[in-house]
Amino acid sequence: MHGLVNRAIQSFVCNTYGEDRWHDVTEAAGLGFSDFEAMLTYDDDLTDAVLDALSTELRRERSEILEDLGTYLVSHPAVEALRRLLRFGGETYVDFLYSLDELPGRARLAVSDLILPAMELREIRQGQFSLTCAPGLPGFGWVMMGILRAMADDYGALVMLEHAGAHDGAEVIAITLVESAFSEGRSFELGVRAG
Amino acid sequence: MIDNTDLVRMLDMLCPMYLLLNEEGVITRVGPTLQKIRPDRELKGERFLDLFELARPRCVGSFADLLNAKGGKLNLSFRDARKTAMKGLIVGIGGGAVVKLSFGISVVEAVRDYHLTSADFSSTDPAIELLYLAEANSVAMEASRQLNLRLQAAKISAEEQAFTDTLTGLKNRRAMEHVMARRASGGMPYALMHIDLDFFKQVNDTLGHAAGDYVLQQVARVLVEETRREDTVARAGGDEFVIIFDHLTDRPRLQRIARRLIDRVEQPMRFHGQSCRISTSIGIAISTEQPASDPLKLLGQADVALYAAKRGGRAGLRFYSPGMENHDPVASVEVDRARFG
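Residue numbers (the numbering used here), protein chains in the order written: chain C, 622 to 816; chain E, 173 to 513.
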């Protein structure tokens, strides 16, 4: 698993539950170290072990944790850079949804060995979408649930999301756009870099 | 003239940084993004050549010259304070012209300086993707930079903790001091040989550091080959080496070893077809002869013997004896000088 993914989990746990909690988790997972490097690649089993340990430690379902992780990635000031990169997806929430098709390509342009599952957005009818996340990263759909929810707040859109389960490893999310200009959302200036 | 509303509507959508010029080269219509970056100045009605300075084509005296620009390609910037370099494309049409402008590679600065949004670019313009890429790239570079800094710090601390001299593979000074500290409490008899290369500096100066490094590696090999496995061979720094011989205090034997070391080090070495000739001087101190000396003091005494050997000429070897510190060449008991050169 790419270090960026592991580092995201570490950042999420440290900033949400504290560094002590993170150390407990890495110990329970038998990692042998406590800091992931964002620009190195790690064995997939390590990520799995961390998520298992985290689930046991917090006594919560892995899916819930992953969804919180997605929300964290967009809304926490520590990872503002990622939120900005996602906002490059478009002017409106619907533009953003359509940009998800090219998200793995965008990610690869920035970090050539970061492979994200392919995503496909379909508009079923006005304001009704489905997002299919291709197999490859189990639980990625739950992370996307959190990202989609937090990005809706960011754009000021009101949405309803439902994880429709996995079929042959592909996860499907049902998105209902209730109102695209529900609140003001957060500002985004193209020319102002984070950090 | 061109002021067809359909054309204008199309240009506003397709390339919001355009200008329409009439037959005199006066601006008759300004794309919305272009007007946005000069909010306090009415661009319409100005002469194109008064507004912009051209870098390509450079010699433009008239509007007609402009229309003849090869391939219609323009490199230009505003004449006013905030220059902003741009690329342009001019197409003559109906006696006037359409000019399409673009920020080119300076789009990152332009977006920042003029507070542009994605609505200021045509949706097919890759400007937003370029901005995304520039920003994503700097985020990724920063992550890599952080990793490099941490790796560098880890490398330095590992080197500080290391016991090996990376160039020669011998023990380093730190390891040597570690071994000597253990001798302090031991009571085990031992001898210290302090070895300093002669003419090494000349090799380094005339043949370069690569040759110098090669020589140090060859010397290290000789030292290891001519000593026993249990002896500690260390590079104490620069062209200085120290050998710690455990349970070996016999002068004739030590002398034979030292002699062999000198002979072998003096054999010419070849580096990239160049002959490197060096020699070495050796000072020896024996723990049983100086029962009052701790290892550090004994090393100092080996050093005194070494410099006595050097004073006696290159390729010399001396055993330490009390009083040698007084620079009295006669005080040395053993004198074994080899001819060099």
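The C-beta atom is built at its ideal place from N, Cα and C for all residues, glycine as well. Owing to the predicted nature of the structure, the values given are computational and were not obtained by experimental measurement.
Within-8 Å CB hit, F709 (chain C) to chain E
What you label residue 709 (chain C) is simply residue 88 of the first sequence in a count that begins at 1. Closer than 8 Å: yes.
Enclosing beta strand (DSSP E) for T200 (chain E) [first to last residue]:
Stepping through the second sequence from its first residue, residue 200 (chain E) is reached at position 28. Its beta strand (DSSP E) spans residues 199-202.
Residue range of the beta strand (DSSP E) that S447 (chain E) falls in?
Along the second sequence, read from residue 1 onward, the residue named residue 447 (chain E) stands at position 275. S447 (chain E) -> beta strand (DSSP E) spans 446-448.
Pull up the distance between the alpha-carbon of L192 (chain E) and that of G624 (chain C), whole angstroms please.
In the second sequence, counting from the first residue as 1, residue 192 (chain E) sits at position 20. In the first sequence, counting from the first residue as 1, residue 624 (chain C) sits at position 3. Their Cα atoms are separated by approximately 52 Å.
Measuring alpha carbon to alpha carbon, tell me which residue in C:E805, C:L737, C:W763 is nearest A787 (chain C).
Position 166 of the first sequence holds residue 787 (chain C). When each option's Cα is compared against that of A787 (chain C), the closest is C:W763.
Under 6 Å Cβ to Cβ from M352 (chain E), same chain only, skipping five residues before and after it: list those, please.
By 1-based counting over the second sequence, the position of residue 352 (chain E) is 180. Within the same chain, M352 (chain E) has close Cβ partners P467.
Length at least 4, wholly inside the region 667-715 of chain C: the alpha helix (DSSP H) runs in chain order:
683-696, 701-708
Below-8 Å beta-carbon distance, A315 (chain E) vs any chain C residue:
Counting from one through the second sequence, the residue named residue 315 (chain E) turns up at place 143. Interface residue, yes.
Where does T452 (chain E) fall in DSSP's three states?
If you number the second sequence from 1, residue 452 (chain E) lands on position 280. Here T452 (chain E) sits in strand by DSSP.
Going by beta carbon distance, what residues of the same chain come within less than 7 Å of V502 (chain E), once the five residues before and after it are set aside?
Here residue 502 (chain E) corresponds to residue number 330 of the second sequence, with the count starting at 1. Bear in mind that the predicted position of V502 (chain E) carries a pLDDT of just 45, short of 50, making it unreliable; the figure below should be weighed with that in mind. Cβ neighbours of V502 (chain E) beyond the five flanking positions: none.
What three-state label does DSSP hand F512 (chain E) in the structure shown?
Position 340 of the second sequence, counting from 1, holds the residue named residue 512 (chain E). Confidence at F512 (chain E) is low in this model, with a pLDDT of 33, below 50, so the placement of that residue is unreliable and no value is reported for it.
Would the region 772-792 of chain C count as touching the region 800-810 of chain C if we require 3 or more Cβ pairs under 8 Å?
yes
Scan the region 266-297 of chain E for residues whose Cβ lies nearer than 7 Å to a Cβ of chain C and list them as they occur along the chain.
V283, R284, H287, L288, T289, S290, A291
Beta-carbon gap between F709 (chain C) and L288 (chain E) smaller than 8 Å
Within the first sequence, residue 709 (chain C) is the residue found at index 88, counting from 1. Within the second sequence, residue 288 (chain E) is the residue found at index 116, counting from 1. No; because the gap between Cβ atoms is not below 8 Å, this pair is not in contact.
Does DSSP put M660 (chain C) in a helix, in a strand, or in coil?
Residue 660 (chain C) sits at position 39 when you count from the first residue of the first sequence. M660 (chain C): coil per DSSP, three-state reduction.
My output table needs one value for I768 (chain C): the three-state DSSP class, helix, strand or coil.
For this step, residue 768 (chain C) is matched to residue 147 along the first sequence. Of the three classes helix, strand and coil, the one that applies to I768 (chain C) here is helix, per DSSP.
Got a sec: is the Cβ-Cβ distance from L186 (chain E) to anything in chain C below 8 Å?
Position 14 of the second sequence holds residue 186 (chain E). Not closer than 8 Å to any Cβ of chain C, the Cβ of L186 (chain E) fails to qualify, so no.
Are any of the Cβ atoms in chain A nearer than 8 Å to that of M766 (chain C)?
No chain A is part of this structure, whose protein chains are labelled C and E.
Nonlocal neighbours in the same chain, by C-beta distance under 7 Å from C187 (chain E), ignoring five residues either side:
Residue mapping note: residue 187 (chain E) aligns to position 15 of the second sequence, counting from 1. Result list for C187 (chain E): G203, K272, S294, in chain order.
Do the region 453-470 of chain E and the region 427-439 of chain E meet, that is, are 3 or more Cβ pairs less than 8 Å apart?
yes
At a CB-CB cut-off below 8 Å, which residues of chain E make contact with A731 (chain C)?
For the purposes of this step, residue 731 (chain C) is taken as residue 110 along the first sequence, with counting starting at 1. Under the 8 Å cutoff, chain E gives L305, A308, N309, V311, A312.
So, with DSSP's three-state summary, where would you put N240 (chain E)?
Residue numbering aside, residue 240 (chain E) sits at position 68 when the second sequence is read from its first letter. N240 (chain E): coil per DSSP, three-state reduction.
Every unbroken beta strand (DSSP E) within the region 205-258 of chain E, with a cutoff of 3 residues, ordered by chain
224-228, 245-250
List the residues of chain E whose Cβ lies closer than 8 Å to the Cβ of R705 (chain C), in chain order.
In the first sequence, counting from the first residue as 1, residue 705 (chain C) sits at position 84. Those are E307, listed as they occur along chain E.
In three-state DSSP terms, what is D385 (chain E)?
Taking the first residue of the second sequence as 1, we reach residue 385 (chain E) at position 213. In this structure, D385 (chain E) counts as helix in the three-state DSSP scheme.
With a threshold of 16 other CB atoms inside 10 Å of the CB of M173 (chain E), please say whether the residue is buried or exposed.
Counting from 1 along the second sequence, the entry for residue 173 (chain E) is found at position 1. For M173 (chain E), the pLDDT reaches just 49, beneath the cut-off of 50, and the residue's location in the model is therefore unreliable, leaving the point undetermined.
Please report the Cβ distance between L319 (chain E) and E658 (chain C), rounded to the nearest whole angstrom; I am assuming they are in contact, meaning their Cβ atoms lie under 8 Å.
Mapped onto the second sequence, residue 319 (chain E) falls at position 147. Mapped onto the first sequence, residue 658 (chain C) falls at position 37. That pair is a contact at about 5 Å.
Excluding the five sequence neighbours on either side, which residues of its own chain have a C-beta within less than 7 Å of the C-beta of R486 (chain E), listed in chain order?
Here residue 486 (chain E) corresponds to residue number 314 of the second sequence, with the count starting at 1. Closer than 7 Å at the Cβ level, and outside the excluded window around R486 (chain E), lie D370, S451, S453, F512.
Assigned secondary structure, I367 (chain E) (DSSP; H/G/I helix, E/B strand, else coil)
Locating residue 367 (chain E) in the second sequence gives position 195, where the first residue counts as 1. If DSSP states are grouped into helix, strand and coil, I367 (chain E) belongs with the strands.
Using the C-alpha atoms, what's the distance from E402 (chain E) back to F335 (chain E)?
Mapped onto the second sequence, residue 335 (chain E) falls at position 163. Mapped onto the second sequence, residue 402 (chain E) falls at position 230. So the alpha carbons of these two residues sit roughly 16 Å apart.
Report the three-state DSSP secondary structure of M622 (chain C) (helix, strand or coil).
Along the first sequence, read from residue 1 onward, the residue named residue 622 (chain C) stands at position 1. If DSSP states are grouped into helix, strand and coil, M622 (chain C) belongs with coil.
Quick check on DSSP: helix, strand or coil for C187 (chain E)?
Working through the second sequence from its first residue, we reach residue 187 (chain E) at position 15. It is coil, neither helix nor strand.
May I have the straight-line CA-CA distance separating L742 (chain C) from L721 (chain C), to the nearest angstrom?
For this step, residue 742 (chain C) is matched to residue 121 along the first sequence. For this step, residue 721 (chain C) is matched to residue 100 along the first sequence. Using only the alpha carbons, I get a separation of about 7 Å.
Opening and closing residue of the beta strand (DSSP E) in which F417 (chain E) lies
On the second sequence, residue 417 (chain E) is found 245 positions in, with the first residue counted as 1. 412-418 is the extent of the beta strand (DSSP E) around F417 (chain E).
Supposed contact pair A650 (chain C) and L694 (chain C) - C-beta distance, whole angstroms, cut 8 Å
Stepping through the first sequence from its first residue, residue 694 (chain C) is reached at position 73. Stepping through the first sequence from its first residue, residue 650 (chain C) is reached at position 29. Incorrect: roughly 21 Å between the Cβ atoms, too far for contact.
Can you find a C-beta in chain E that's less than 8 Å from the C-beta of G777 (chain C)?
The residue given as residue 777 (chain C) occupies position 156 in the first sequence. No, G777 (chain C) lies away from the interface with chain E (no Cβ there is under 8 Å from its Cβ).
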